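Trainee: Residue numbers for the sequence shown follow the numbering used here, so the first one is 9 and each next one is one higher.
Virtual Cβ for every residue (Gly too), placed ideally from N, Cα, C.
Note that this is a predicted model, so its numbers are computed, not measured.
If you scroll down you'll find the structure; I have some questions about it.
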Amino acid sequence: MDFGFGRVDEEFRAEAREWLTGHLVGDYAALAGVGGPGSEHEGARVRREWERELGGGGWIGLGWECAEGAYGNRVGSLTQQVVWAEEYARVRAPGRVGHIGENLLAPTLIAAGDEAQRRRFLPAIARGEELWCQGYSEPEAGSDLAGLRTVAVREGAGYRVSGQKIWTSLAGEADWCFVLARTDPGERRHRGLSFLLVPMDQPGRIEVRPIRQMSGTAEFNEVFFDGARAPHVVGGEGAGWRVAMGLLARERGVSTLVQQIGFAAELSAVIAAAVRGGAVRDPVLREQLVRQWAELRVMRWNALRTLGAAGDAGAPSVAKLLWGGWHQRLGELAMRVRGAAAALGPVDWSPRAPYELDALQRLFLFTRADTLYGGSDEIQRNIIAERVLGLPRLER
């Protein structure tokens, strides 16, 4: 792919930069850098207002493959999407609470939903008015998604959903959840699953329980469904596995380049800590820092190479393997350059605030999960072995 920024892209950059300068003020500016790994729950109310601000400016849905303005969004080319992400990261704008709806559900509805579903949900996402969470993982089927136990029984034109989901980001703030559930109890594994859209405001039928982590924060949640109403099915009953796999490909592939912008900022913070503390004089640590920088550049060029490419079954899994391991090593390196001081928090321990951590400590703890969530490294290697190399399927 011939990737480069032309005159139109630079004009788009100037427009994006001017808009961000004029709107990222007050309470929004106070949340600079908040909402990333380890702080997804912080400032949720103001960040929700920020979603509406973005929607009012037309900045939600740049990557949607639909007619310009069809659902209240503007459409940008691939290079313009990268420009927007770069400018957004440059000013350290708040972490997006609407990214699940914008980057995962919306492209799925465009590809597999019907026109009524697109008309109902895409404009609300584009305006920043409705937030979404993802109901995939379960306690007994974390990496083995086909083994899920949540069931849905048809009721009229919709379904009633019963079961439990886990590791659900932003479930406490979301208005809707897309849920993978078994609608045909006579089928096994990936057959008989459906992709359902469930409103979260159902007292007595949906319960959200935050999961407290060793960092002291609660980035994820358990969600319990007890006959919850699901008025929409995407792609038709029984097509859930196909729809869900299409969504996961978007989660693991398209967002990688944008993600790397944040990685670069984190790497800069680790390098700065190494310089301040003198760890950069250690030749081993210095070599590790250089290696992290070089690997990040390789990931960027690989992401640019595959940007917009279709038909490469292994590309999303390769990208996940690359960034998961890289980010986890960065977290470890963030502690290594600090030496013994890495074990001390920024303030003294107290019963009221026993887990007070600084940004690099949160980075280290959060990155322990990088090789697990979104499909573990083992799952990604199986996908590459089976779908790319043509090796025999794993016995299950």
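#1: Taking the beta carbon of Ile219 as the centre, do at least 16 other beta carbons fall within 10 Å, making it buried, or is it exposed?
#2: So, is Ala37 buried or exposed, given that buried needs 16 or more other C-beta atoms within 10 angstroms?
#3: Skipping 5 residues on each side, what residues in its chain have a beta carbon closer than 7 Å to that of Phe228?
#4: Excluding sequence positions up to five away, which residues of its chain have a Cβ less than 7 Å from the Cβ of Leu399?
#5: Between the alpha carbons of Ile68 and Ala119, how many angstroms are there, rounded?
#6: Which same chain residues end up closer than 6 Å to Glu26 when comparing Cβ atoms and leaving out the 5 residues on each side of it in sequence?
#7: In this structure, what does DSSP give as the bridge partners for Gln172?
#8: In whole angstroms, what separates the C-alpha of Gly359 from that of Ala349?
#9: Assuming Cys185 and Val159 are in contact, meaning their beta carbons sit under 8 Å apart, how far apart are those beta carbons, in whole angstroms?
#10: At what residues does the alpha helix (DSSP H) containing Leu338 begin and finish?
#11: Ignoring anything shorter than 3 residues or poking outside the region 337-399, list the beta strand (DSSP E) runs there in chain order.
#12: Among residues of its own chain, excluding the 5 on either side of Arg21, which ones have a beta-carbon nearer than 7 Å to its beta-carbon?
#13: Provide the residue span of the alpha helix (DSSP H) that contains Glu59, from first to last.
#14: In the DSSP assignment, find the unbroken beta strand (DSSP E) run with Glu163 in it and report its ends.
#15: Return the first residue and the last residue of the alpha helix (DSSP H) that Pro291 is part of.
#16: Between the alpha carbons of Gly121 and Leu113, how many angstroms are there, rounded?
#17: Note down the Cα distance separating Asp434 from Gly332, rounded to an integer number of angstroms.
#18: Using a Cβ distance threshold of 8 Å, determine whether the region 155-171 contacts the region 194-211, with at least three qualifying pairs required.
#19: What's the call for Gly84, buried or exposed, on a 16-neighbour Cβ count within 10 Å?
Mentor: To lay it out plainly:
#1: exposed
#2: Exposed, since its Cβ has fewer than 16 Cβ neighbours within 10 Å.
#3: Counting only Cβ-Cβ distances below 7 Å, and skipping sequence neighbours, we find Trp175, Thr176, Ser177 and Ile219.
#4: Ala393
#5: Computed Cα separation, rounded: 18 Å.
#6: none
#7: Phe232
#8: First, the residue type needs correcting, since residue 359 is Pro and not Gly in the sequence shown. So the alpha carbons of these two residues sit roughly 21 Å apart.
#9: Rounded to the nearest angstrom, the Cβ distance from Cys185 to Val159 is 16 Å, too far for a contact under 8 Å.
#10: Ala323 to Arg344
#11: Under the rule that a run must span 3 or more residues, no beta strand (DSSP E) segment is found entirely inside the region 337-399.
#12: Val91 and Glu95
#13: First-last of the alpha helix (DSSP H) with Glu59: Ala52 to Gly64.
#14: Val159 to Glu163
#15: Pro291 to Thr314
#16: 10 Å
#17: This structure cannot speak to residue 434, because the chain is shown only from 9 to 404.
#18: yes
#19: Answer is buried; the Cβ neighbour count reaches 16.
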